[in-house]
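Chains as they are written, first to last, in my numbering: chain A, 1494 to 1795; chain B, 1494 to 1795; chain C, 1494 to 1795. We put the beta carbon where it would ideally sit given N, CA and C, even for glycine. Note that this is a predicted model, so its numbers are computed, not measured.
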Amino acid sequence: MTVFKTHLKISFFLSLTYFWPGFVEAQILKQSCINEACSAKRVTISNPPVNLWDANVIAAFNEFLVSLQDQNETKVVVFDSDNSDFWASTLDFNLFTKLGIPGRNGTTLIDTYFANLDLLLSTPVIFIGEINGRAWGAGDEHLLRMDMRFAGPEAQFGAPEAAVGVIHVGGLQQLVKLIGSGRAAEYMLAAAQVSASEAARVGWVNSVHPTGNALRKHVNDIAARIALFPIEALQATKASIAEQAPPRAAFENDLARFNQLAALPQIAANLGTILQVSKNESKSFEENLNNNIVKRLYQEPN
Amino acid sequence: MTVFKTHLKISFFLSLTYFWPGFVEAQILKQSCINEACSAKRVTISNPPVNLWDANVIAAFNEFLVSLQDQNETKVVVFDSDNSDFWASTLDFNLFTKLGIPGRNGTTLIDTYFANLDLLLSTPVIFIGEINGRAWGAGDEHLLRMDMRFAGPEAQFGAPEAAVGVIHVGGLQQLVKLIGSGRAAEYMLAAAQVSASEAARVGWVNSVHPTGNALRKHVNDIAARIALFPIEALQATKASIAEQAPPRAAFENDLARFNQLAALPQIAANLGTILQVSKNESKSFEENLNNNIVKRLYQEPN
Amino acid sequence: MTVFKTHLKISFFLSLTYFWPGFVEAQILKQSCINEACSAKRVTISNPPVNLWDANVIAAFNEFLVSLQDQNETKVVVFDSDNSDFWASTLDFNLFTKLGIPGRNGTTLIDTYFANLDLLLSTPVIFIGEINGRAWGAGDEHLLRMDMRFAGPEAQFGAPEAAVGVIHVGGLQQLVKLIGSGRAAEYMLAAAQVSASEAARVGWVNSVHPTGNALRKHVNDIAARIALFPIEALQATKASIAEQAPPRAAFENDLARFNQLAALPQIAANLGTILQVSKNESKSFEENLNNNIVKRLYQEPN
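So this is what it looks like as structure tokens:
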């Protein structure tokens, strides 16, 4: 497992006003079985109130992905959420603050975050995203590095990064591959919130399903069918497709771009402002995250 | 013409219960002219009952593709089928058995099979697939290496390889280029049977047409129009597009993956089972080939 | 700015029968502001009667693109047209004649033409095409190298190059990236005229809008929103996406192909014939340019 060395520590102060949910990793990712052999698993992200991609989610994700190395029992993993409004929200912006996360090493957490994105591409297990709520920022980056994605009617996708002043590192280049440069540019540059039907039309997700139940059935059927097949064939297919993934150098270039941007004073200030006004996980703010960031940073009187 | 050296000989025995159609290559590919100059040709695959991609088809295809080298008379070739149910089915699995094909050298035939796939990309003639029946496995691999594909309402596309335990070598990486990694992963990993309308929606084919006649007219019009133009411009356009094809190394990697997989005992056994239950070309089995393979290998009591 | 050295001078004579519009560059590109800060600009192409991509347009485009280097005021530029029938037509074919353009150096102009295509990809400004008329040849090449494209109901796209006997250098490989090799081959090889709705369906444009006003509002909203964001983030996003653009070598290969083709006697003759019958900018001929070229060169008695 390659660990990225990020040397990013944004120098501003911030009053941490939100409740810290503590170290309850054991419950962050809830595992269940899709088929009898449990070779197809369902992993449900549970980090109320908005499935913020915080230290606990990062650590739990890493623990789970590491557990999938060097084993042949698990063939397929579906990631869903137990929150009807959010598949997952952004990375906890406190990771980029000087105070950081109490009791945690922020640099290590960010390295683990990027290592997780890496593991999604390289782990010889088939990863499926099942989304019927919002997937912003970090959530979307993880989805874009899974093998496939299916949406329900309430799914929304988006990256607020351009509005904040950074880039969707880890997701942007995958999105270009999936939907082409023109549409990726539109959604990324405008920090757009993209509906499930539009995401399916352009190829951001494989398909959209009319209800949450229809989505669940479709995903379970596909996961269970794939899990019937020889693991060697699944691994070879994933490896073959990976040959056309954006090269590692592109990801590293994006990471360098991200770090350069996040170190700019104005952009560090933007992050701080968003943390304050959103309280980092207020549901009303996060429901229209991208639009609210635009409104707060650029359109409201200071 | 590069010939791939495959050293694959699956070691199991099999009773060859099906009728061997003999060496009737002359009738396998029926040629006709689309325009007066015959610079646009139609080639109709005819190998009843399911257009199995067997030794005769491989040899006839190679003879035809070789005839197109170093000539300037033929600008466009449309490949269709005289079988309303099948554009073409899979490769004759007997090629991978120890007995092989009576009177033929299996290794040479497999080399020729892959050489044909190569020739579709490199021959300076425009190849168009016109599909209004099933295109499974080998059939789909050939289509994916043509310059464009048009479908009628009865077209279906699919690769049973993952269910058998191998990969769609020669087609998989082209499919990733055409429809993106997410959808290619879904269809390949689940050994899906994909309808004409879904194939058009995602880009597997250029477009779908409401009837067989409408399909025929559309393809004839396009082929005849292209054939009007200077051959040098057609060749230059094909060469330019070919610069973005998956690199040859990717194809060779996939071929190595295929050979590794096909040598595994369980997967060799799967091939043998399918040969026995399908009688290699029973129409009822091949009509729902992928689903029947899944049913027979994984869901029926042994 | 890299300047391409083209050594192309087609050797035929031609009576220049059309009115030469003169050196009125100042009015060729009309600039206006989309937002208050004018960080989002609108540039309207105005070269009646068909927005022929002639010496004046080439020079004005170059002057404008050069003005965007090394500055941070302009973040987004939208290119539209004041001609309801044409976004832009082809390159002035007189550039390829021996007489050339009176008072201008044809070779320099062609070099500038290709330099402009290059600048669209490399200039750290976001370029948006707003199209509600025809975009043929040169017009389409410029659009395909912008960051995104939006269409109104009257938009049409097409490249007549294959019918003439050359290739859509500068546009072809971008189109393959955007819509896949199969559809790009179809449209380029058949010199097709593609409607706005089909262009949106396949990804040639980002989306199609029901009226010119709806198109205008959509583009203004996106441009103004993007222009709110830190310029560093916009530049980084564009740079990240550019990593997946066709490599420069592919463009140079296409340019070499183009020059080889244009030097062939038959193809030089085709250019001459088209110049004569179209009077280079007759509206009735240019409205169905590709189809009229096909009709005139191949289907009418000489």
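**Study point:** Chain-ordered residues of the stretch 1748–1759 of chain B with a beta carbon less than 7 Å from chain A
**Key:** Going along the stretch 1748–1759 of chain B in chain order, one finds Arg-1750, Leu-1754, Leu-1757, Gln-1759 with a Cβ nearer than 7 Å to chain A.
Practice item. Pick out the complete alpha helix (DSSP H) segments inside the stretch 1676–1716 of chain C, 4 residues or longer, and give them in chain order. Key: 1689–1695
Check your understanding: Around the C-beta of Gly-1515/B, are 16 or more other C-beta atoms found within 10 angstroms, so that it is buried, or is it exposed?
Key -> Sequence index remark: in the second sequence, residue 1515/B carries index 22 (1-based). Residue placement at Gly-1515/B is flagged as unreliable, the pLDDT there being 45, under the threshold of 50; a coordinate-derived value is accordingly withheld.
Review point. Of the residues Phe-1744/B, Ala-1693/B, Leu-1682/B, which one's Cα is nearest the Cα of Gly-1645/B?
Key: Translated into the one-based positions of the second sequence, residue 1645/B becomes position 152. Closest option to Gly-1645/B, Cα to Cα, is Ala-1693/B.
Exercise for review: Give the straight-line distance between the Cα atoms of Ala-1655/C and Ala-1749/C, rounded to the nearest whole angstrom.
Suggested key: Taking the third sequence and counting its residues from 1, the one referred to as residue 1655/C is at position 162. Taking the third sequence and counting its residues from 1, the one referred to as residue 1749/C is at position 256. As the crow flies, the alpha-carbon of Ala-1655/C is around 15 Å from that of Ala-1749/C.
Review point. In the DSSP assignment, what residue or residues form a beta bridge with Trp-1546/A?
Key: Along the first sequence, one-based indexing puts residue 1546/A at 53. In the DSSP secondary-structure assignment, Trp-1546/A is bridged to Leu-1584/A.
Check your understanding: Distance, Cα to Cα, Lys-1647/B vs Val-1770/B?
Key -> The count along the second sequence starts at 1 and reaches residue 1647/B at position 154. The count along the second sequence starts at 1 and reaches residue 1770/B at position 277. For the record, residue 1647/B in the displayed sequence is Glu; it is not Lys. Going from the Cα of Glu-1647/B to the Cα of Val-1770/B covers about 25 Å.
**Study point:** Own chain, CB closer than 8 Å to Leu-1682/A, minus 5 neighbours either side, in chain order
**Key:** The count along the first sequence starts at 1 and reaches residue 1682/A at position 189. Once the five neighbours on either side are set aside, the close Cβ partners of Leu-1682/A are Ala-1655.
Exercise for review: Output yes if chain A places a C-beta closer than 9 Å to the C-beta of Leu-1790/B; else output no.
Suggested key: Position 297 of the second sequence, counted from the start, is the residue given in the question as residue 1790/B. It does: the Cβ of Leu-1790/B has a partner Cβ on chain A nearer than 9 Å.
Practice item. State the Cα-Cα distance for the pair Cys-1531/A and Gln-1524/A, rounded to the nearest angstrom. Key: In the first sequence, residue 1531/A corresponds to position 38, counting from 1. In the first sequence, residue 1524/A corresponds to position 31, counting from 1. Cα to Cα, the separation comes out at about 10 Å.
Point to revise | Selected residue, minimal CA-CA separation from Gln-1564/B, among Ala-1689/B, Gln-1728/B, Gly-1658/B | key: Taking the second sequence and counting its residues from 1, one reaches residue 1564/B at position 71. Minimum Cα distance to Gln-1564/B is reached at Gln-1728/B.
**Study point:** 7 Å Cβ shell around Tyr-1606/C - same chain, five flanking residues per side excluded
**Key:** Walking along the third sequence from the start, residue 1606/C turns up at place 113. Correct list, in chain order: Ile-1551, Leu-1584.
Review point. Secondary structure at Ala-1762/C, three-state DSSP: helix, strand or coil?
Key: The residue labelled residue 1762/C in the question sits at position 269 within the third sequence. Ala-1762/C falls in the helix class under three-state DSSP.
Check your understanding: Is Ser-1532/A helix, strand or coil when you go by DSSP?
Key -> Indexing the first sequence from 1 puts residue 1532/A at position 39. Looking at Ser-1532/A - three-state DSSP - the assignment turns out to be coil, as it is neither helix nor strand.
Review point. Listed in chain order, which residues of the stretch 1611–1624 of chain A have Cβ atoms closer than 8 Å to some Cβ of chain B?
Key: Ile-1619
**Study point:** Distance, Ile-1619/C Cα to Val-1559/C Cα
**Key:** Numbered from its first residue, the third sequence carries residue 1559/C at position 66. Numbered from its first residue, the third sequence carries residue 1619/C at position 126. Near 14 Å, if we compare the C-alpha coordinates of Ile-1619/C and Val-1559/C.
Point to revise | Span of the alpha helix (DSSP H), counted from its first residue to its last, around Ser-1574/C | key: In the third sequence, counting from the first residue as 1, residue 1574/C sits at position 81. No alpha helix (DSSP H) holds Ser-1574/C; the beta strand (DSSP E) holding it covers 1569–1574.
**Study point:** Same chain only: Cβ atoms within 8 Å of Gln-1792/B, ignoring 5 sequence neighbours per side
**Key:** Against the second sequence, residue 1792/B aligns to sequence position 299. Counting only Cβ-Cβ distances below 8 Å, and skipping sequence neighbours, we find nothing.
Check your understanding: In terms of alpha-carbon separation, which member of Phe-1589/B, Glu-1725/B, Ala-1581/B, Ile-1603/B lies closest to Leu-1637/B?
Key -> On the second sequence, position 144 is the one that residue 1637/B refers to. With distances taken between Cα atoms, Leu-1637/B lies closest to Ala-1581/B.
Practice item. Output the boundary residues of the beta strand (DSSP E) element that contains Lys-1776/C. Key: As a first step, residue 1776/C is located in the third sequence; it is residue number 283 there, counting from the start. Here Lys-1776/C belongs to no beta strand (DSSP E); instead the alpha helix (DSSP H) covers 1776–1780.
Review point. Along chain C, which residues have their Cβ under 9 Å away from the Cβ of Ser-1674/A?
Key: Locating residue 1674/A in the first sequence gives position 181, where the first residue counts as 1. Within 9 Å Cβ-Cβ: Asp-1640, Met-1641, Gln-1667, Lys-1670, Leu-1671, Ile-1734, Ala-1735, Gln-1737, Ala-1738.
Review point. Quick one: what's Gly-1615/B bridged to in DSSP?
Key: In the second sequence, residue 1615/B corresponds to position 122, counting from 1. With the sequence shown as reference, residue 1615/B is identified as Ser, and Gly is not the correct amino acid for it. DSSP lists no partner for Ser-1615/B.
Exercise for review: Spatial neighbours of Ile-1621/A within its chain, please: CB distance less than 8 Å, with the 5 preceding and 5 following residues excluded, ordered by chain position.
Suggested key: To locate residue 1621/A, count along the first sequence from 1; it is residue 128. Excluding residues within five positions, the ones whose Cβ falls inside 8 Å are Val-1569, Val-1570, Val-1571, Phe-1572, Met-1639, Asp-1640, Met-1641, Arg-1642, Phe-1643, Val-1712, Ile-1715, Ala-1716.
Practice item. Could you check if Glu-1679/A is buried or exposed, using at least 16 other CB atoms within 10 Å of its CB as the buried criterion? Key: As a first step, residue 1679/A is located in the first sequence; it is residue number 186 there, counting from the start. With 16 or more other Cβ atoms within 10 Å, it is buried.
Point to revise | Where Gln-1524/B falls: helix, strand or coil (DSSP) | key: Translated into the one-based positions of the second sequence, residue 1524/B becomes position 31. Note: Gln-1524/B maps to strand in three-state DSSP.
Exercise for review: Give the secondary structure of Trp-1513/B by DSSP, where H, G and I count as helix, E and B as strand, and everything else as coil.
Suggested key: Start at 1 with the first residue of the second sequence, and residue 1513/B comes out as number 20. Bear in mind that a pLDDT of 40 at Trp-1513/B, under 50, signals an unreliable position, so the number given afterwards is only what the model happens to contain. Coil, per DSSP.
**Study point:** For Leu-1522/A and Leu-1545/A, the rounded distance between their alpha carbons
**Key:** Here residue 1545/A is taken as the residue at index 52 of the first sequence, counted from 1. Here residue 1522/A is taken as the residue at index 29 of the first sequence, counted from 1. Using only the alpha carbons, I get a separation of about 13 Å.
Check your understanding: Taking the alpha-carbon positions, what's the Arg-1741/C to Asn-1781/B distance?
Key -> As a position in the third sequence, residue 1741/C is number 248, starting the count at 1. As a position in the second sequence, residue 1781/B is number 288, starting the count at 1. Distance between the alpha carbons of Arg-1741/C and Asn-1781/B: 46 Å.
Review point. Does Phe-1589/B have its Cβ less than 9 Å from a Cβ in chain C?
Key: Indexing the second sequence from 1 puts residue 1589/B at position 96. Proximity of Phe-1589/B to chain C, defined by a Cβ-Cβ separation below 9 Å, is not satisfied.
Check your understanding: His-1661/C: which of Gly-1651/B, Ala-1707/B, Lys-1731/B sits nearest, CA to CA?
Key -> Counted from its first residue, the third sequence places residue 1661/C at position 168. Ranked by Cα distance from His-1661/C, the options Gly-1651/B, Ala-1707/B, Lys-1731/B are led by Lys-1731/B.
Check your understanding: Is Ala-1677/C close to chain B, meaning its C-beta is less than 9 Å from at least one C-beta of that chain?
Key -> As a first step, residue 1677/C is located in the third sequence; it is residue number 184 there, counting from the start. It does; some Cβ of chain B falls within 9 Å.
Exercise for review: Give every residue of the same chain whose Cβ lies closer than 8 Å to the Cβ of Gly-1632/B, excluding the five residues on either side of it in the sequence, and list them in chain order.
Suggested key: To locate residue 1632/B, count along the second sequence from 1; it is residue 139. Its chain contains Asn-1544, Trp-1546, Phe-1579, Trp-1580, Ala-1581, Ser-1582, Thr-1583 as the residues whose beta carbon lies nearer than 8 Å to that of Gly-1632/B, once the 5 sequence neighbours on both sides are disregarded; these appear in chain order.
Exercise for review: Give a yes or no on whether the minimum CB-CB distance between Lys-1534/B and chain C is below 9 Å.
Suggested key: Locating residue 1534/B in the second sequence gives position 41, where the first residue counts as 1. It does not; no Cβ of chain C falls within 9 Å.
Review point. The beta strand (DSSP E) with Ala-1732/C in it runs from where to where?
Key: The count along the third sequence starts at 1 and reaches residue 1732/C at position 239. That residue, Ala-1732/C, is in no beta strand (DSSP E); its alpha helix (DSSP H) goes 1724–1735.
**Study point:** Integer-rounded CB distance, given that Ala-1548/B should sit under 8 Å from Leu-1602/B
**Key:** As a working mapping, residue 1602/B is identified with position 109 in the second sequence. As a working mapping, residue 1548/B is identified with position 55 in the second sequence. Leu-1602/B to Ala-1548/B, Cβ: 5 Å. Contact.
Exercise for review: Grab me the residues of Ile-1799/C's own chain with a C-beta within less than 6 Å of its C-beta, minus the 5 sequence neighbours each way, in chain order.
Suggested key: It is not possible to answer for residue 1799/C, since the shown part of chain C is limited to 1494 through 1795.
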